[in-house]
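**Q**
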Amino acid sequence: MIKNTQQEYGSLSKVLHWLMAIIIFTLFGVGLWMVDLDYYSEWYKTAPHYHKSVGIVLASLLIFRIVWKLINPKVVSLETHAPYEKVAAKITHILLYCLLALIVTSGYLISTADDRAIEVFNWFEIPSLGAFINNQEDVAGDFHRWLAYSLIGLVVIHIIGALKHQFIDKDKTLNRML
Amino acid sequence: MKKVLFTLLAASSLALTANAAEYKIDNKGAHASINFKIQHLGYSWLTGRFNKFSGQFSYDAEKVNESKISINIDTTSIDSNHAERDKHLRSDDFLSADKFSTAKFVSTKITDKGDNKLEVVGDLTLHGKTQSITIDAQKIGEGKDPWGGYRAGFSGETVLKLKDFGIPEKLGPKSTEVYMQLHIEGIKQ
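From first to last, the protein sequence lines are chains A and B. Following numbering that gives the first Met the number 0, the numbering of the first sequence begins with 0 at its first residue and continues without gaps. Following numbering that gives the first Met the number 0, the numbering of the second sequence begins with 0 at its first residue and continues without gaps.
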């Protein structure tokens, strides 16, 4: 089943979830690593290039995922979930989407602050919208960094929640995404 | 009549003993620039500038050795025509511009070298460190401007070692010195 039902996530939602999870962790790791690269490192130019290219892919996946979520039946929470768990899960999911949107936006605003376009895998370019504020690259850069830390913190909470359902509550919350 | 003469005499002698003229650097009209260049890998020059600064100088062509100049530079205004690079230059890898957002130059000794040449010695505070530097300067010209003001302009050059100011040398062995090129025009106050 490609589409979601009220009881289960469809295969497309599952693929999107795990694919984006892998991309997010990779981008976070590469991001941390690349900003401290030595000027003479062979990755000095290529790592940011791939980070930006994959970031644009992530942004496209995010947009597609939100659209896909909206046109699919809503998967309802398990009846065994406590009310506070339902609220906490809902808030976490919404925040995860918001943080992702803000992180890709702030990343875009760093690289395009001087009217330069973002090259995606030497394949096509995302044009710049120009600078909106003074020293935009610095402000956007601070946001990009701290939002990314926040996202990973939230992801850790998300994972702990999933593991709690799997091993403590022993319900099928995690299994529905596998 | 006597009284008038006396007043005139007093006024003219006052004018004669007045200090050298004070000039304000024309950053409003951007007739001044603080440019730099540094070698890229030893293969070419990378140039850039600081867009925001302010300062004043006093200068009298008859008493050049009494001249003074002081300038404050906003280090966050560094501009090398590449946003990602500027962000990096402002970071802790180079200028730490959030911590040391102002660089300051105050002259301590200005010497007339003749032929419109001047040697400007002063203290430069950059990246939290103060060092004495020497700027080889040249007077370009002075005189009335077409809009009722009076202007004087200079240019100067100096070389700064990154190490002297505690700025990490991260750009390779050929890129440890920054060449500063300064052009200032002042409006008489």
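Where a beta carbon is used, it is the ideal one built from N, C-alpha and C, also for glycine.
#1: Alpha helix (DSSP H) containing T110 of chain B: first to last residue?
#2: Can you give the beta carbon distance from A116 of chain A to A139 of chain A, rounded, assuming they're within the 8 Å contact cut?
#3: When Cβ atoms are compared, which residues of the stretch 89–123 of chain A fall closer than 9 Å to chain B?
#4: If I measure Cβ to Cβ from S12 of chain B and keep anything under 6 Å in the same chain, skipping five residues before and after, which residues do I get?
#5: From K200 of chain A to L177 of chain A, what distance separates their C-alpha atoms?
#6: Sort out for me which residues DSSP pairs D135 of chain B with in a bridge.
#7: Which ranges does the alpha helix (DSSP H) cover as unbroken runs of at least 4 residues, wholly within the stretch 112–177 of chain A, from first to last along the chain?
#8: Of all the CB atoms in chain A, is at least one closer than 8 Å to the CB of S12 of chain B?
#9: Kindly indicate which residue of A:I70, A:E78 and A:I23 has the alpha-carbon position closest to the one of N3 of chain A.
#10: In the structure shown, what three-state DSSP assignment does K36 of chain B receive?
#11: Classify I23 of chain A as helix, strand or coil using the three-state DSSP reduction.
#12: Under 8 Å, with one C-beta from each stretch per pair, do the stretch 168–175 of chain B and the stretch 133–144 of chain B reach the 3-pair mark?
#13: On the DSSP letters alone, give me the boundaries of the beta strand (DSSP E) that I90 of chain A sits inside.
#14: With distances taken from CA atoms, which of B:F56, B:E156 and B:D97 is nearest S69 of chain B?
#15: Name, please, each residue of chain B whose Cβ falls closer than 7 Å to the Cβ of V41 of chain A.
#16: Just the Cα atoms here: how many angstroms apart are H81 of chain B and L11 of chain A?
#17: Closest Cβ-Cβ distance between G140 of chain A and chain B: below 8 Å?
#18: I want to verify the contact list: residues of chain B whose CB lies under 7 Å from the CB of N134 of chain A, in sequence order.
#19: In chain C, what lies closer than 8 Å to Y38 of chain A by C-beta?
#20: I need the straight-line Cα distance from I24 of chain B to I109 of chain B, nearest angstrom please.
#21: Compare the C-alpha of T104 of chain A against each of A:P82, A:A161 and A:A58 and name the closest.
#22: Using a beta-carbon distance below 8 Å, is A102 of chain B in contact with chain A?
#23: With burial defined as no fewer than 16 other Cβ atoms inside 10 Å of the residue's Cβ, what is the status of L128 of chain A: buried or exposed?
#24: Kindly say whether D170 of chain A, judged by its beta-carbon, lies nearer than 8 Å to any beta-carbon of chain B.
#25: Pick from B:A102, B:E83 and B:I186: whose alpha carbon is nearest that of G147 of chain B?
#26: How many angstroms separate the CA atom of F93 of chain B from the CA atom of F104 of chain B?
#27: Suppose you measure from the CA of L94 of chain A to the CA of V155 of chain A; what does that come to, to the nearest Å?
#28: Please list the terminal residues of the continuous beta strand (DSSP E) segment that includes I183 of chain B.
**A** Considering the structure as presented:
#1: Unbroken run through T110 of chain B is the beta strand (DSSP E), T101 to G113; no alpha helix (DSSP H).
#2: For a cut-off of 8 Å, the C-beta gap from A116 of chain A to A139 of chain A is around 16 Å, too long to register as a contact.
#3: Correct list: I109, S110, T111, A112, D113, D114 and R115.
#4: Because S12 of chain B carries a pLDDT of 47, less than 50, the predicted location of this residue cannot be relied on, and the following value inherits that uncertainty. Taken in chain order, the list of residues that qualify is empty.
#5: The structure shown has nothing for residue 200 of chain A, since chain A only spans 0 to 177.
#6: DSSP output for D135 of chain B lists B:E118 and B:E156 as bridge partner(s).
#7: Correct list: 135–162.
#8: Its pLDDT being 47, under 50, S12 of chain B is placed unreliably in this model, and the coordinates cannot settle the point.
#9: The shortest CA-to-CA distance from N3 of chain A to any of A:I70, A:E78 and A:I23 is the one to A:I70.
#10: The DSSP-derived three-state label of K36 of chain B is strand.
#11: It is helical.
#12: Contact fails: fewer than three Cβ-Cβ distances are below 8 Å.
#13: Taken as a continuous stretch (DSSP letters only), I90 of chain A belongs to no beta strand (DSSP E), being part of the alpha helix (DSSP H) at P82 to S110.
#14: The option with the nearest alpha carbon to S69 of chain B is B:F56.
#15: Reading off the sequence, residue 41 of chain A comes out as Glu, not Val. Under the 7 Å cutoff, chain B gives no residues; its nearest Cβ is about 14 Å from E41 of chain A.
#16: H81 of chain B and L11 of chain A: Cα-Cα distance of roughly 40 Å.
#17: Among the CB atoms of chain B, one or more fall inside 8 Å of the CB of G140 of chain A.
#18: Correct list: T75.
#19: Absent here is chain C; the protein component of the structure consists of chains A and B.
#20: If you take the alpha carbons of I24 of chain B and I109 of chain B, they lie about 18 Å apart.
#21: Closest option to T104 of chain A, Cα to Cα, is A:A58.
#22: Chain A, which has no Cβ nearer than 8 Å to the Cβ of A102 of chain B, makes this no.
#23: Exposed, by the Cβ-count rule.
#24: Not flagged as an interface residue toward chain B: D170 of chain A, since no C-beta distance is shorter than 8 Å.
#25: It is B:I186.
#26: Distance between the alpha carbons of F93 of chain B and F104 of chain B: 19 Å.
#27: Cα-Cα distance, rounded: 13 Å.
#28: Start and end: E176 to K187.
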